[in-house]
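These notes are about the structure you will find just below.
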Amino acid sequence: MKNSDIVAAIDIGSAHIIAALAAISPTGAITPLAFAEIPSKGVKKGGIANIGLAQHAVDTVLEALQIDGSYHIHSIVASLSGVSIVGHNSDGSVAIRGTPVCEEDVQRAISVAKNVALQEGRQLLHILRQSFILDRQTDIDDPIDLMGERLTVRVHIISAAKTAYYNLLQVFSHRDIDVEHVVASGLASMLSVTSHDERQLGVCVLDIGAGTTDVTIIHNGQVKHTEVIQLGGELITNDIAFFMRSTAENAEAIKCQIDICATYDEDDIIEIPSVGDVARRYTTQDVANVARDRCEQLIEMIMQKIRRSGVEDIFPGGFVITGGSANLTGIEQLFMEKTQLPVRIAKVEVALPDSTQTSSRYATIMGLFLCAYEEDYTRTMTNELKTGIISRLSTGLRDLWQKVLKHF
Numbered sequence: 560m561k562n563s564d565i566v567a568a569i570d571i572g573s574a575h576i577i578a579a580l581a582a583i584s585p586t587g588a589i590t591p592l593a594f595a596e597i598p599s600k601g602v603k604k605g606g607i608a609n610i611g612l613a614q615h616a617v618d619t620v621l622e623a624l625q626i627d628g629s630y631h632i633h634s635i636v637a638s639l640s641g642v643s644i645v646g647h648n649s650d651g652s653v654a655i656r657g658t659p660v661c662e663e664d665v666q667r668a669i670s671v672a673k674n675v676a677l678q679e680g681r682q683l684l685h686i687l688r689q690s691f692i693l694d695r696q697t698d699i700d701d702p703i704d705l706m707g708e709r710l711t712v713r714v715h716i717i718s719a720a721k722t723a724y725y726n727l728l729q730v731f732s733h734r735d736i737d738v739e740h741v742v743a744s745g746l747a748s749m750l751s752v753t754s755h756d757e758r759q760l761g762v763c764v765l766d767i768g769a770g771t772t773d774v775t776i777i778h779n780g781q782v783k784h785t786e787v788i789q790l791g792g793e794l795i796t797n798d799i800a801f802f803m804r805s806t807a808e809n810a811e812a813i814k815c816q817i818d819i820c821a822t823y824d825e826d827d828i829i830e831i832p833s834v835g836d837v838a839r840r841y842t843t844q845d846v847a848n849v850a851r852d853r854c855e856q857l858i859e860m861i862m863q864k865i866r867r868s869g870v871e872d873i874f875p876g877g878f879v880i881t882g883g884s885a886n887l888t889g890i891e892q893l894f895m896e897k898t899q900l901p902v903r904i905a906k907v908e909v910a911l912p913d914s915t916q917t918s919s920r921y922a923t924i925m926g927l928f929l930c931a932y933e934e935d936y937t938r939t940m941t942n943e944l945k946t947g948i949i950s951r952l953s954t955g956l957r958d959l960w961q962k963v964l965k966h967f
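This note's numbering puts the first residue of the sequence shown at 560, with every later residue one more than the last.
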């Protein structure tokens, strides 16, 4: 792929571990080259729970990715989820002394905002610029070369517990692979499933995985809220398994067949062997109600947290739902009923050289490639970028982004 950069990415989730290689052109076009997916091991609620099992699973998926020997992975972009991920809006102000604003002034203001928001024991993942204030002039997109006395920057800072961050790095410690960037899963998913118009209007992206739900709210092109809720599709499966006194494997298969918003006839029966191979019979309606009850709990928890954060009025575009649990039939209708907002299910296409795969659970992996290209999302502080993937992209791409970044 001439004039393109090959980037490796890995999404380590509670249910699946997905790895991919893609060529990223100077214009940002992403061409998937290789793709591998396996059941997850050693991961619970989005975080690393067993280093050994997680290392073995990562080894397996990366070996599958490089099976034909065409590529050798030296560095990778990795996702991080889990309830330790938190987003904060923060302001930072610095004196300008009546001179034109320069990039150094912007960085000084961002540094102040970071220090205000970042507590001890937290690892910085992203600093996302929102807007600037110069003296009394608000909502400035780009303050460079403007005259003023005091510059204030408003940013959204996403951080994780340092323990969760370093546990993720530990998974790769036995391999000759540099983890170039760690990206919040919800941010990556948001990038891959929303359009420019949706980001301007305002939407809430829900990445509903097996163990967690990542909430990302974006408005006027600016990330306003990020949060991870410790509820996901795995709890729905567990509820069905408990109700039917069966295995999680049987419950998962049944969950994929029912419609949680449907009305079933009384004689519509599900018969499965439970533990001990004793056949049991349940009405499909009862099973659907079990799944619906848990989904309603998830919706209520999401709305409570959004209301508590004061951002319930900034996403008139409604909800964009992705992640593996977005495939649950009826979840779109239930969200519309409970929230009275527009809802759509977002699926992501991975077009490989010899096949095409489409699923909601591919949102994060494709979003990681977008983060690798869009430097604004991998930025922590300017001087930290020089060792990252972006700094090694082609000269043309770097020049392009120097121009683009002036508008952020």
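Heads up, the beta-carbon is just placed ideally off N, CA and C, and yes, glycines get one too. Note that the structure is predicted; figures quoted are calculated from it, not measured.
Check the Cα spacing between Thr-842 and each of Glu-871, Ile-776, Asp-826: the tightest is with Asp-826.
Under the Cβ criterion (8 Å, minimum of three pairs), the region 805 to 821 does not count as touching the region 735 to 755. In the DSSP annotation of this structure, Glu-871 is not part of any alpha helix (DSSP H), being labelled neither H nor E. Cβ neighbours of Gly-780 within its own chain (closer than 6 Å, five residues either side excluded): Arg-758, Gln-759. A straight-line Cα-Cα distance of about 46 Å links Leu-580 and Asp-694. For Arg-667, the enclosing alpha helix (DSSP H) has its first and last residue at 662 to 676.
Rounded to whole angstroms, the separation of the alpha carbons of Ala-578 and Tyr-921 is 10 Å.
The beta carbons of Ser-634 and Glu-739 sit about 5 Å from each other, so the pair counts as a contact at 8 Å. By the criterion of a C-beta distance shorter than 6 Å, Gly-606 is surrounded in its chain by Gly-641, Ala-723, once the five residues flanking it on both sides are discounted. By the Cβ neighbour-count rule, Gln-899 is exposed, with fewer than 16 other Cβ atoms within 10 Å of its own. Each of Arg-734, Asn-674, Ala-719 was checked against the Cα of His-615, and the nearest Cα belongs to Arg-734. Here the alpha carbon of Val-909 sits roughly 29 Å from the alpha carbon of Ala-807. Per the DSSP secondary-structure output, Thr-881 pairs in a beta bridge with Asp-766. Cβ contact annotation for Val-907 (same chain, cutoff 6 Å, sequence separation greater than five): Ser-751, Tyr-921, Ala-922, Met-925, in chain order.
Under the DSSP assignment, Ser-634 falls in the beta strand (DSSP E) whose first and last residues are 634 to 639.
According to DSSP, residue pairing for Met-803 in a beta bridge does not occur. Close CB contacts of Asn-809 within its chain, under the 6 Å cut and outside five residues either way in sequence, are with Ile-831 (chain order). With a beta-carbon spacing of about 5 Å, Val-787 and Asp-773 fall inside the 8 Å limit used to define contacts. DSSP places Gln-614 in the uninterrupted alpha helix (DSSP H) bounded by 610 to 624. For Ser-744, the enclosing alpha helix (DSSP H) begins and ends at 744 to 752. Taking a contact as a CB-CB distance under 8 Å, the pair Asp-650 and Thr-586 does not count as one, their CB atoms being some 34 Å apart. Lys-906: not part of any beta strand (DSSP E); DSSP gives it neither H nor E. Note that the region 889 to 899 touches the region 847 to 856; at least 3 beta-carbon pairs, one per stretch, sit closer than 8 Å.
Remark: C-beta atoms of Leu-927 and Val-636 approach each other more closely than 8 Å.
Gly-889 and Ile-610 have their C-alpha atoms roughly 36 Å apart. Going by DSSP, Val-730 is part of the alpha helix (DSSP H) stretching over 721 to 730. Thr-785 is the residue among Thr-785, Leu-911, Leu-727, Ala-743 whose C-alpha sits nearest the C-alpha of Ile-861. It is roughly 21 Å from the alpha-carbon of Val-645 to the alpha-carbon of Ala-668. Short of 6 Å from the beta carbon of Asp-570, and not among the five residues preceding or following it, lie these beta carbons of its own chain, in chain order: Ile-577, Ser-638, Thr-923, Ile-924.
A distance below 8 Å separates the beta carbons of Ile-829 and Ile-813. Exclusion of the five residues before and after Ile-873 leaves Gly-761, Ile-776, His-778, Lys-783 as the residues of its chain whose Cβ lies within less than 8 Å of its Cβ.
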